[in-house]
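Protein chains in written order, with our numbering: chain P, -12 to 725; chain Y, 551 to 823.
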């Protein structure tokens, strides 16, 4: 029996080790949840609230209990269903194992806690009253040892054991709106932070970790707003095969790191780092028998987890359109993982999206502000800021083209390349014919050679034979050695691309299509008002008739307001009604729907959860900038969803409702003066008080484009039949074919 | 997250131009409303003498106010657009008016007070109208405004009313119209002229679906009778028809009553097909 147990444990260890060793960073794909879906994700929020109220809480009276449980459960469930939380993956398992070690002598407490990872670049961790501890990938990417994770967890577990959430709930939550509540979940008072630091030290010490790592954890937190490493960005980074970027585009000074330990914490929920360090040092001094252990689960495993978090940080930055940060992270990671297809895909996406933002004059959103430049990453941000539109386009072309040439078999890179060329062809700033057929070096050498020859007298024949217009053209020709200008570096070094027939064909084809559209636009502008109206009508009929027969429907969202605050329970019930209405109406209109809904996760399990997360992330990414048709970061996963369901069309919908009688004191007073009006004013005010806004959006998973959108505003309650009727109308239109 | 998604979707939708075809309420665009109307004739009571309101109680007349008027409407319509519909309304209102209260002339020299049972009035309306919504509603569902211009006729119900004359010479017994010859009855039904008026209608109408082809319909209708509201009394002097004075006064009372009854609440069912 003992032998059997031993064999099982050896096998388990081996199996776990194999699983751990399975992360192939060269073929990395974003982390998805694994295993059985936890109840935290499947149980409806109002059921959670009901159960909690039944259990009760000694410290709270009945009203406080209702407010507390409703507030806390809805806030946490918003995070759980945000599409950013993962479970059962390598990072979550690792954190859970660190927690297992921390609480190895307190199995009762351990059994009450659940650990999840949030894909977010904000370095943060927080615990909830329900016993959930969240850790962000941003924090994991910054830490330097397992011991630091252990201390962060010990701190958060102490918040839980000391019931800090319920103790601080009253002044944190009341009067706050939903978003502020979520933001405040990791904020306690300074006293509570000191207490959690202190108790955390004890838990950490008992687990046998090194004292050194506690103080360094505070350093990690202080500098966590910076990228996960400080590596000098070389000015020669982009110089390659005849493509040269002048040093003048890079900063001449270093941007110092501004963070200080002793900052003014008067308006902060947390004490400043200096005070926390001092208090922690005192606490550390009260314990003896400290060990040197910084990695109990093993350094390799820690590094692997940190690398996963760092790989995820690139994706997070792309979703949040922080392309400067994404490129800097890629620059750091590609040193260790030069063959990572994931990094190459992310790099190609980043350059393409940067090009799109730059061409819309919106690139400042994607790069750090000058006032925020700090540390080594400032070099790259400064460079991207300084780069002209033409410069960025040429550089992006160089980067995307090279990535495509080296990885032309990769479907995703191919798709990025095709889209890039299409977008480039549609850009009026970028002119292929302006580019030189020479490399930068050749052009520079020719220029130097010509300069030496300037003493040579101009032949008379040349002056006479060349027309004024040829001379002007010659001045604009980048291949003319005398026109060479190093500040126009972007005109050179793309000669190999110009010579590539496949590129030229693709560009020309897209350019012709773009020109045709432009011509159509011009013709439209020349139409009379009446003609435009007719054209619009015809065109709109065509665009709304998508011939959709199958549709992926992401759970609808409903926000029902009461006195300006979201009535969460009513909203959740309305969501169920709306969901049913969508399903029924689609069936009536002849559209087959596939529901991706958090309410059906108990039956759909982790696959359903992952699909939902991917789709919501896509929406989040697209919504960063409505004018720009970016490339979806989870291209391959979205394709997989499209293939699995047999349709690439996905629908997001939401409803907002508030009842507020349109009756004012001044209105009543005026109506009394003009007496009979009162009999119209009051009933109209009462009957028209119900305001419902319904929005529906259809996205295409293949292209990432918004295919259609409808926004309705009506004065009626959002009941199942009412919503269903509107949805039927929408579905009927969508199912039509031209 | 919810709020974020809300912002996201609304933001994205803001930039999309989209016009909807009208596919109707679950594909149905015709509708038939059947409504019951009710109103409290407050203004009519206010501007009439309620002491002159009687109800028949066997062979006696007891005071009674005109407390509640009823009616029905049948409305057939078509939702031409999501927010515009056309319909035709037909219906009847049932109300009562007080008999002119204190005097009437039979000839040049005599007059009498008449205590008359409340006179039943039947008003028939024909109103073509259109309905519209101020938001992107889906007619016939939801809140809509209705505007109509039509025609209404009011006549009194010919029945065996109870009445009584009183003058300085005698007090008659309380009698039915059938008791004596028609000449002595206060109202000459043959000479009563139907009140015909153009009417303007505004209604605030809420149709709340209860199934995919049935809705509850409720709201308020406001009707304005076009034309001058007549004086309460009509005087007939020498040589005139002795019943004409009272009959004409009743006509005036009906017209006045119509003028004062401008608001009705209604509730009913809407069949959508």
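Backbone N, C-alpha and C define an ideal beta-carbon position, used for all residues, glycine too.
Checking 8 Å against the spacing of the C-beta atoms, do residue i and residue j come in under that value?
i: residue 540 of chain P; j: residue 582 of chain P; result: yes
i: residue 608 of chain Y; j: residue 736 of chain Y; result: no
i: residue 663 of chain Y; j: residue 717 of chain Y; result: yes
i: residue 822 of chain Y; j: residue 765 of chain Y; result: yes
i: residue 336 of chain P; j: residue 12 of chain P; result: no
i: residue 304 of chain P; j: residue 316 of chain P; result: yes
i: residue 594 of chain Y; j: residue 815 of chain Y; result: no
i: residue 804 of chain Y; j: residue 704 of chain Y; result: yes
i: residue 427 of chain P; j: residue 377 of chain P; result: no
i: residue 17 of chain P; j: residue 321 of chain P; result: no
i: residue 85 of chain P; j: residue 140 of chain P; result: yes
Go through its chain and collect everything with a Cβ distance to residue i's Cβ below 7 Å, but skip five positions before and after it.
i: residue 198 of chain P; result: 271 and 277
i: residue 399 of chain P; result: 332, 622 and 623
i: residue 219 of chain P; result: 363
i: residue 636 of chain Y; result: 627, 628, 630 and 680
i: residue 31 of chain P; result: 559 and 586
Kindly give me the distance between the Cβ atoms of residue i and residue j, rounded to whole angstroms, as I take these residues to be in contact under 8 Å.
i: residue 686 of chain Y; j: residue 699 of chain P; result: 4 Å
i: residue 604 of chain Y; j: residue 665 of chain Y; result: 6 Å
i: residue 310 of chain P; j: residue 340 of chain P; result: 6 Å
i: residue 585 of chain P; j: residue 542 of chain P; result: 6 Å
i: residue 692 of chain Y; j: residue 718 of chain P; result: With 8 Å as the limit, residue 692 of chain Y and residue 718 of chain P do not qualify as a contact, their Cβ atoms being about 19 Å apart.
i: residue 773 of chain Y; j: residue 748 of chain Y; result: Incorrect: roughly 11 Å between the Cβ atoms, too far for contact.
i: residue 595 of chain P; j: residue 588 of chain P; result: 5 Å
i: residue 642 of chain P; j: residue 545 of chain P; result: 5 Å
Tell me whether residue i sits in a helix, a strand or coil according to DSSP, three-state version.
i: residue 72 of chain P; result: strand
i: residue 670 of chain P; result: helix
i: residue 204 of chain P; result: helix
i: residue 276 of chain P; result: coil
i: residue 579 of chain Y; result: coil
i: residue 759 of chain Y; result: strand
i: residue 723 of chain P; result: coil
i: residue 678 of chain Y; result: strand
i: residue 709 of chain P; result: helix
i: residue 425 of chain P; result: coil
i: residue 284 of chain P; result: coil
i: residue 124 of chain P; result: helix
i: residue 417 of chain P; result: coil
i: residue 401 of chain P; result: helix
i: residue 820 of chain Y; result: strand
i: residue 584 of chain Y; result: strand
i: residue 165 of chain P; result: The predicted position of residue 165 of chain P is uncertain, since its pLDDT is 39 and thus under 50; a value taken from the coordinates is nonetheless stated next. DSSP places residue 165 of chain P in helix when its eight states are reduced to three.
i: residue 210 of chain P; result: coil
i: residue 804 of chain P; result: Missing from the structure shown is residue 804 of chain P; chain P here goes from -12 to 725 and no further.
i: residue 445 of chain P; result: At residue 445 of chain P the pLDDT is 48, less than 50, meaning the model places this residue with poor confidence; the figure from the coordinates comes in the next sentence. It is coil, neither helix nor strand.
i: residue 753 of chain Y; result: strand
i: residue 318 of chain P; result: helix
i: residue 693 of chain P; result: strand
i: residue 645 of chain Y; result: strand
i: residue 553 of chain P; result: strand
May I ask you to check if the CB of residue i is nearer than 7 Å to at least one heavy atom of the ligand MG?
i: residue 16 of chain P; result: You won't find the ligand MG in this model; it holds no ligand whatsoever.
Mind checking which residues open and close the alpha helix (DSSP H) that includes residue i?
i: residue 627 of chain P; result: 622 to 632
i: residue 355 of chain P; result: That residue, residue 355 of chain P, is in no alpha helix (DSSP H); it is neither H nor E in DSSP.
i: residue 35 of chain P; result: 32 to 42
i: residue 178 of chain P; result: 177 to 193
Excluding sequence positions up to five away, which residues of its chain have a Cβ less than 6 Å from the Cβ of residue i?
i: residue 645 of chain Y; result: 619 and 671
i: residue 660 of chain P; result: none
Among residues of its own chain, excluding the 5 on either side of residue i, which ones have a beta-carbon nearer than 8 Å to its beta-carbon?
i: residue 166 of chain P; result: Low confidence applies to residue 166 of chain P: its pLDDT is 39, below 50, so where it sits in the model is not reliable enough to give any reading.
i: residue 292 of chain P; result: 77, 78, 81 and 127
Could you tell me the boundaries of the beta strand (DSSP E) in which residue i lies?
i: residue 491 of chain P; result: That residue, residue 491 of chain P, is in no beta strand (DSSP E); its alpha helix (DSSP H) goes 488 to 512.
i: residue 774 of chain Y; result: 764 to 775
i: residue 680 of chain P; result: 677 to 687
i: residue 702 of chain Y; result: 692 to 706
Inset, instruction - Could you run through the region 743 to 759 of chain Y and flag, in chain order, every residue whose CB is less than 7 Å away from some CB of chain B? - result: As a matter of chain content, chain B is missing from the structure shown, whose protein chains are P and Y.
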